[in-house]
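Engineer: Sharing a structure below in structure tokens format, with a few things to ask.
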Amino acid sequence: MSKIALVLELLGDEKWHGIEESLLRLELSEHEFREVTAFLDKYGFLKVDERNKRVKINRDFLRLDQVVTYG
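Take 0 as the starting number for the sequence shown in numbering that gives the first Met the number 0 and just add one per residue.
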């Protein structure tokens, strides 16, 4: 599974996830995780809260994913 898919699967519950917790669960380096989340944030797929060190999937992206997946 790609790193992007791993991150999206973890965040699919629409809840905030701590960056440290996410690193442990996904077994990614901090660099890999930040690279993926920066890309997804750039295109509006997720929100990064640097102040509180957490990430959350964008609800609109989930709806788009459902349309693409299920047509």
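All C-beta atoms, glycine included, are put in the ideal place defined by N, C-alpha and C.
Since the structure is predicted, the reported quantities are computational estimates derived from the model, not experimental observations.
DSSP three-state label for leucine 45, please.
Structural biologist: Strand.
Engineer: Using alpha carbons as the reference points, say which of Lys46, Asn57, Val47, Phe38 lies closest to lysine 2.
Structural biologist: When each option's Cα is compared against that of lysine 2, the closest is Phe38.
Engineer: In whole angstroms, what separates the C-alpha of aspartate 59 from that of tryptophan 15?
Structural biologist: C-alpha separation (whole angstroms): 15 Å.
Engineer: For leucine 9, I'd like the list of residues in its chain whose CB is within less than 8 Å of its CB, leaving aside the five on either flank, ordered along the chain.
Structural biologist: For leucine 9, where only same-chain residues beyond five positions count, the Cβ hits under 8 Å are His16, Ser21, Arg24, Leu25.
Engineer: Under DSSP, the beta strand (DSSP E) around lysine 55 begins and ends at which residues?
Structural biologist: Note, lysine 55: beta strand (DSSP E), 53 to 56.
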